[in-house]
Amino acid sequence: MADLSGFIAGLPKAELHVHIEGTFEPELMVALAARNKVSLPYADVDALRAAYSFGNLQDFLDLYYQGMNVLQQERDYYDLAMAYLRRAAGQNVLHAEIFFDPQGHTDRGIAFRTVIDGLWAAMKDAERAFGISTALILSFLRHLDEAAAERTLDEALPWRERFIGVGLDSSEKGHPPSKFQRVFARARSLGLKAVAHAGEEGPPAYVHEALDLLRVQRIDHGNRALEDAALVARLVREQMPLTVCPLSNLRLCVVDDMTRHPLRRMLQAGLVATVNSDDPAYFGGYVNENFTAVQRALGLSRDEIVTLAGNGFRAAFLDDAAKQRYLAALDSYVVAASA
Ligand code: HPA
Ligand code: ZN
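Residue 1 is where the sequence shown starts when you use the UniProt record's numbering, and the numbers rise one by one after that.
Below, the structure is given as structure tokens:
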């Protein structure tokens, strides 16, 4: 089988599903813990990395929230986002739409302003330095109640121009999209885009709810939609993008082996699947490693890889002119690589 890792590395890509708090590499976490005089319950970077073994989503989330506690000052948020964007740009990610979890910070007494000012400054500096384009999506923590999400949206409104949409993440089971119907309606009335994690661990019914009740424009993950043929037909008919995260699926036991990952079946069904990294510092790889791991395990063809990369740009919250520009860059790359 052809080795496509070099082709994948140079391929122009979009990343549509990455949690900035999930890009917190152990080395940076240890450095910021020292800077902020926070103690971590691990002896060193190796011990921290060794703890990253998860049986399910909740196992991961427990460590993810613990790691976030280290973030305290505006410059911590800047350093976190800058490190991710430098790395993403280095992997030929031309456009990144990035989740942040304000409640993971404000519930610890960190001001919303501290978080968004740090992230925003890094995004603007990275755009200038690396030519990457960026956007932020404010994600609500679904294990908390809707009133808390409403307060978070209120708190964010002074910075309305700095985020393009709202999302829904954290513990899925027992926290259906229906719980957040009102806050999503308000967000949409403010002109915000809507996305939601659904069908990662939760049932296909949660994907239906995200579509019908939250009126999302993309489904984050969506793996379990495949259990419901009528739902698959609908997602295909509506050309609803799925932001799929192969290494996350493997590390959170959503799939038991990469050779059984549903990505090829998704493409064959006509679904608009994209490849993303989710929480790369915890799951063992950024976008290129996600593409490479799933390409190798499933033997995906070059054409399938190009379709996936193209889907990333088509599914992005970009205007048509920007999408055409990125898709043209993708085309040129593929033509040059075939020569
Ligand atoms: N699922 C739900 N919540 C999350 C995830 C995820 O994969 N990553 C960060 N928060
Ligand atoms: Zn996610």
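Where a beta carbon is used, it is the ideal one built from N, C-alpha and C, also for glycine.
Source: prediction; values computed, not measured.
Boundaries of the alpha helix (DSSP H) around LEU32: 26-35.
LEU16 is the residue among ILE8, PHE7, ALA9 and LEU16 whose C-alpha sits nearest the C-alpha of LYS193. GLY67 carries a helical assignment under DSSP once its states are collapsed to helix, strand and coil.
Contact between PHE184 and VAL195 is ruled out by a C-beta separation of about 10 angstroms, above the 8 angstroms threshold. According to the DSSP assignment, GLU97 belongs to the beta strand (DSSP E) that extends over 93-100. Remark: the C-beta of ASP59 is outside contact range of the ligand ZN, defined as less than 7 angstroms to any heavy atom. With a 10 Å radius around the Cβ and a threshold of 16 neighbouring Cβ atoms, ASN223 comes out buried. HIS17 carries a strand assignment under DSSP once its states are collapsed to helix, strand and coil. Excluding five sequence positions before and after MET258, the CB atoms of its chain that fall closer than 7 angstroms to its own CB belong to PRO246, LEU250, ALA293, VAL294 and ALA297, given in chain order. Taking each of THR307, PHE291, TYR282 and PRO204 in turn and checking the Cα distance to GLN91, the smallest one comes out for PHE291. A distance below 8 angstroms separates the beta carbons of SER170 and ARG142.
Between the alpha carbons of ASP220 and LEU94 lies a gap of roughly 20 angstroms. For GLU209, the closest of MET29, LEU168 and ARG265 by C-alpha to C-alpha distance is LEU168. At the C-beta level, LEU85 and PHE24 stay beyond 8 angstroms of one another. Chain-ordered, the residues whose CB falls short of 6 angstroms from any heavy atom of the ligand ZN come out as HIS17, HIS19, ASP169, HIS197, ASP220 and ASP278. Counting only the Cα atoms, SER277 lies some 5 angstroms from TYR286.
Looking at the DSSP output, ASP169 shares a beta bridge with LEU141. Secondary structure of HIS221 (DSSP, three-state): strand. DSSP places LEU119 outside any beta strand (DSSP E); the residue lies instead in the alpha helix (DSSP H), whose first and last residues are 112-130. The shortest CA-to-CA distance from ARG75 to any of ARG160, ILE305, THR114 and ARG302 is the one to THR114. Exposure of SER53 is indicated by the presence of fewer than 16 other C-beta atoms within 10 angstroms of its C-beta.
Remark: C-beta atoms of PHE99 and ILE137 approach each other more closely than 8 angstroms. Contact between the stretch 156-165 and the stretch 36-53 is absent: fewer than three C-beta pairs spanning the two stretches fall below 8 angstroms.
Between ALA309 and LYS124, the C-beta spacing is not below 8 angstroms. Residue burial annotation: ARG218 is buried, with at least 16 other C-beta atoms found within 10 angstroms of its C-beta. Given a length threshold of 3 residues, each whole run of the beta strand (DSSP E) inside the stretch 206-256 is given here in chain order: 218-221 and 241-244. No heavy atom of the ligand HPA is found nearer than 7 angstroms to the CB of TYR286. Excluding its 5 nearest sequence neighbours in each direction, ARG264 has C-beta neighbours in its own chain below 6 angstroms: LEU298, listed in chain order. For VAL306, the three-state secondary structure derived from DSSP is helix. DSSP places LEU80 within a helical segment (H, G or I) once states are collapsed to three. Excluding five sequence positions before and after ARG108, the CB atoms of its chain that fall closer than 7 angstroms to its own CB belong to ASN69, given in chain order. Between TYR206 and PRO177, the CB-CB gap stays under 8 angstroms. Under the three-state reduction of DSSP, VAL195 is assigned to strand.
ALA126 and MET82 do touch by the CB rule: their CB atoms are close to 6 angstroms apart, below 8 angstroms.
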